[in-house]
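Notes follow once the structure below has been shown.
There are 2 protein chains.
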Amino acid sequence: MFSKTCEYAIRAVLFVAQKSKDGGKVGVKEIAKGIDSPEHFIAKILQDLCKRGLMQSLKGPNGGFYMAIDNLKFSIADVVKAIDGDKIFSGCGLGLKQCSETQPCPIHNEFKKIRKDIYTMLETAKLGAFNDELERSLSFLKRN
Amino acid sequence: MFSKTCEYAIRAVLFVAQKSKDGGKVGVKEIAKGIDSPEHFIAKILQDLCKRGLMQSLKGPNGGFYMAIDNLKFSIADVVKAIDGDKIFSGCGLGLKQCSETQPCPIHNEFKKIRKDIYTMLETAKLGAFNDELERSLSFLKRN
DNA sequence: TAGTTAAAAGAGTTTTTTATCTTTTATTTT
DNA sequence: AAAATAAAAGATAAAAAACTCTTTTAACTA
Chain A
1 MFSKTCEYAI RAVLFVAQKS KDGGKVGVKE IAKGIDSPEH FIAKILQDLC
51 KRGLMQSLKG PNGGFYMAID NLKFSIADVV KAIDGDKIFS GCGLGLKQCS
101 ETQPCPIHNE FKKIRKDIYT MLETAKLGAF NDELERSLSF LKRN
Chain B
1001 MFSKTCEYAI RAVLFVAQKS KDGGKVGVKE IAKGIDSPEH FIAKILQDLC
1051 KRGLMQSLKG PNGGFYMAID NLKFSIADVV KAIDGDKIFS GCGLGLKQCS
1101 ETQPCPIHNE FKKIRKDIYT MLETAKLGAF NDELERSLSF LKRN
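Those sequence lines, one after another, are chains A and B.
Mind the numbering: the first sequence is residues 1 to 144 in the numbering used here, read in order.
Mind the numbering: the second sequence is residues 1001 to 1144 in the numbering used here, read in order.
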């Protein structure tokens, strides 16, 4: 569904949202451990997310990654768009560039509905909405 | 959503289903043109689909690929399973191996529904069901 | 049976994705 | 101001996916 990079990105964003919710910052090492991802690889991804304004970072001692209030309003859909683009939300299921209402692929209409459902679901899932269940270990971002 | 290989596979299967519906056979060249794919690459994919029993082939003059009546009963879901495996039908949206009812990722339940919808849709789409609309140019397998 | 046709099989190559390592820059602490 | 910390940036490496080319095998045709 998503690229591996994007899966890491989503997990990282939810992790940082939860860990930084009281104003703290989280280092790459802690993030990598917390979501079970390669450290340097997630660092690159986080850099990218910062550039795109989805989260914040600060260098130096006591630095790290964190989310401001505004960042928490972003949704998982925004993360997916930032990393994988919007192919999954608007592309043709069979990979046809010209696929459209007038020149549909055989499964065009069926896919339209599914894509819309995916988008709605991911757009509804705001980044700050999972803090509680993560903290209470009702859901997880890595194997335990 | 699907790998490029899988997109080609689905398009090829629908193409062959339509072209061979009156007992004829279709060569790789014609298939590659018909679905706008690299010739040698689609040849490999077709080989694979034949091995897995999703379609038939015959060597020699007047040979080519074709679908028997039994093959038409397969669904697009079967093609996807053959090429991409069932990750998309059963894997975790965030790539977590241990994700389950007891150890769910944050979007586990939402994804469950979407995965089910995808499966239902692809399982319902039988390979022989598109011949008519393809023949009447109501849907397409490449740019025109 | 020899020649021709078309898929199967095998062996590459290229491109993209995923991952690692090193150096630089910004920030803080002493 | 010097040392320490942590992210940013850049360069490289490994693995997987996408694609190509050549040789072999099976089936038909003359």
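We put the beta carbon where it would ideally sit given N, CA and C, even for glycine.
Legend entry - Euclidean distance between Cα positions of B:F1089 and A:M1: Translated into the one-based positions of the second sequence, residue 1089 of chain B becomes position 89. Translated into the one-based positions of the first sequence, residue 1 of chain A becomes position 1. Distance between the alpha carbons of B:F1089 and A:M1 is about 10 Å.
Legend entry - CB-CB length for B:I1035 against B:A1012, believed under 8 Å: Indexing the second sequence from 1 puts residue 1035 of chain B at position 35. Indexing the second sequence from 1 puts residue 1012 of chain B at position 12. Right, the Cβ-Cβ distance comes to about 6 Å (below 8 Å), so this counts as a contact.
Legend entry - Own chain, CB closer than 6 Å to B:K1044, minus 5 neighbours either side, in chain order: Reading the second sequence from its first residue, position 44 is the one you call residue 1044 of chain B. Excluding positions up to five away in sequence, the list is empty.
Inset, instruction - Would you check if the stretch 1050-1070 of chain B and the stretch 1089-1102 of chain B touch, i.e. whether three or more CB-CB distances between them fall below 8 Å? - result: no
Inset, instruction - Count the C-beta pairs between the stretch 1071-1091 of chain B and the stretch 1114-1130 of chain B that are closer than 8 Å, then say yes if the count reaches three, no if not. - result: yes
Inset, instruction - Enumerate in chain order the residues of its own chain whose CB-to-CB distance from B:A1009 is below 7 Å, with the five nearest sequence positions on each side excluded. - result: Translated into positions along the second sequence, residue 1009 of chain B becomes position 9. Taken in chain order, the residues that qualify are I1045, L1049, V1079 and I1083.
Inset, instruction - Return the first residue and the last residue of the beta strand (DSSP E) that B:Q1058 is part of. - result: Looking up residue 1058 of chain B in the second sequence gives position 58. Rather than Gln, the amino acid found at residue 1058 of chain B in this sequence is Leu. Where B:L1058 is concerned, the enclosing beta strand (DSSP E) stretches over Q1056 to L1058.
Inset, instruction - May I ask which residues mark the beginning and end of the alpha helix (DSSP H) holding B:G1034? - result: For the purposes of this step, residue 1034 of chain B is taken as residue 34 along the second sequence, with counting starting at 1. Run containing B:G1034: V1028 to I1035, per the alpha helix (DSSP H) assignment.
Inset, instruction - Return no unless some Cβ of chain A is closer than 7 Å to the Cβ of B:I1042. - result: One-based indexing of the second sequence puts residue 1042 of chain B at position 42. Not closer than 7 Å to any Cβ of chain A, the Cβ of B:I1042 fails to qualify, so no.
Inset, instruction - Could you tell me if B:G950 is buried or exposed, where buried requires 16 or more neighbouring beta carbons within 10 angstroms of its beta carbon? - result: Nothing can be reported for residue 950 of chain B: it is not among the residues displayed for chain B, which extend from 1001 to 1144.
Legend entry - As assigned by DSSP and simplified to three states, the class of A:S170: Since the displayed chain A opens at 1 and closes at 144, residue 170 of chain A lies outside it and no answer follows.
Inset, instruction - Would you mind working out which of B:F1065, B:S1100, B:M1055 and B:K1004 sits nearest B:V1028, comparing C-alpha positions? - result: Indexing the second sequence from 1 puts residue 1028 of chain B at position 28. Ranking the options by Cα distance to B:V1028, first place goes to B:F1065.
Legend entry - B:I1002 - containing beta strand (DSSP E), residue span: Here the question's residue 1002 of chain B lines up with position 2 in the second sequence. Sequence inspection shows Phe at residue 1002 of chain B; the Ile mentioned does not correspond to that position. Careful: B:F1002 lies outside any beta strand (DSSP E) and carries neither H nor E.
Legend entry - Close Cβ partners of B:S1139 (< 8 Å) along its chain, the five nearest in sequence each way excluded: To locate residue 1139 of chain B, count along the second sequence from 1; it is residue 139. Contacts found: F1130 and E1133.
Inset, instruction - Out of A:C105, A:I118 and A:I114, state which residue places its alpha-carbon closest to the alpha-carbon of B:I1107. - result: Counted from its first residue, the second sequence places residue 1107 of chain B at position 107. Comparing Cα-Cα distances from B:I1107 to each of A:C105, A:I118 and A:I114, the minimum goes to A:I118.
Inset, instruction - Please list the residues of the stretch 74-100 of chain A that have a C-beta atom closer than 9 Å to any C-beta atom in chain B, keeping them in chain order. - result: I76, K87, I88, G91, C92, G93, L94, G95, L96, K97, Q98 and C99
Inset, instruction - Step through the CB atoms of chain A and report whether any lies within less than 7 Å of the CB of B:M1001. - result: The sequence position of residue 1001 of chain B within the second sequence is 1, counting from 1. Yes - at least one Cβ of chain A is within 7 Å of the one on B:M1001.
Inset, instruction - Taking a Cβ distance cut-off of 9 Å, strictly less, list which residues of the stretch 106-117 of chain A are near chain B, in chain order. - result: P106, I107, H108, E110, F111, K113, I114, R115 and D117
Legend entry - Cβ-Cβ distance between A:F41 and A:I31 below 7 Å: What you label residue 41 of chain A is simply residue 41 of the first sequence in a count that begins at 1. What you label residue 31 of chain A is simply residue 31 of the first sequence in a count that begins at 1. No, they are not a contact pair.
Inset, instruction - Figure out for me which residue from B:S1100, B:D1022 and B:R1143 has the closest Cα to the Cα of A:R143. - result: Counting from one through the first sequence, the residue named residue 143 of chain A turns up at place 143. Comparing Cα-Cα distances from A:R143 to each of B:S1100, B:D1022 and B:R1143, the minimum goes to B:S1100.
Inset, instruction - Could you check what DSSP says for B:K1025 in three-state terms: helix, strand or coil? - result: The residue you call residue 1025 of chain B lines up with position 25 of the second sequence. DSSP places B:K1025 in coil when its eight states are reduced to three.
Inset, instruction - Could you tell me the distance, in whole angstroms, from the CA atom of B:C1092 to the CA atom of B:G1063? - result: Counting from one through the second sequence, the residue named residue 1092 of chain B turns up at place 92. Counting from one through the second sequence, the residue named residue 1063 of chain B turns up at place 63. B:C1092 and B:G1063: Cα-Cα distance of roughly 42 Å.
Inset, instruction - Could you list the residues in the stretch 1060-1074 of chain B with a C-beta less than 8 Å from some C-beta on chain A, going in chain order? - result: none
Legend entry - Cβ of A:M121 within 7 Å of any chain B Cβ: One-based indexing of the first sequence puts residue 121 of chain A at position 121. For A:M121, the answer is yes, since a Cβ of chain B falls inside 7 Å of its Cβ.
Inset, instruction - Within 10 angstroms of the Cβ of A:S20, are there 16 or more other Cβ atoms? Answer buried if so, exposed if not. - result: For this step, residue 20 of chain A is matched to residue 20 along the first sequence. A:S20 is buried by the Cβ-count criterion.
Legend entry - Reduced DSSP secondary structure (H/G/I, E/B, other) of A:K19: Position 19 of the first sequence, counted from the start, is the residue given in the question as residue 19 of chain A. Reduced to three states, the DSSP call for A:K19 is helix.
Legend entry - Neighbouring residues, chain A, relative to B:E1007 (Cβ below 9 Å): Numbered from its first residue, the second sequence carries residue 1007 of chain B at position 7. What B:E1007 touches in chain A: C92, G93, L94, G95 and L96.
Legend entry - Coarse secondary structure for B:E1073, derived from DSSP in three states: Walking along the second sequence from the start, residue 1073 of chain B turns up at place 73. For the record, residue 1073 of chain B in the displayed sequence is Lys; it is not Glu. In the structure shown, B:K1073 sits in coil (DSSP, three-state: anything other than H, G, I, E or B).
Inset, instruction - Give me the Cα-Cα distance between B:E1039 and A:M67, rounded to the nearest whole angstrom. - result: Residue mapping note: residue 1039 of chain B aligns to position 39 of the second sequence, counting from 1. Residue mapping note: residue 67 of chain A aligns to position 67 of the first sequence, counting from 1. Computed Cα separation, rounded: 49 Å.
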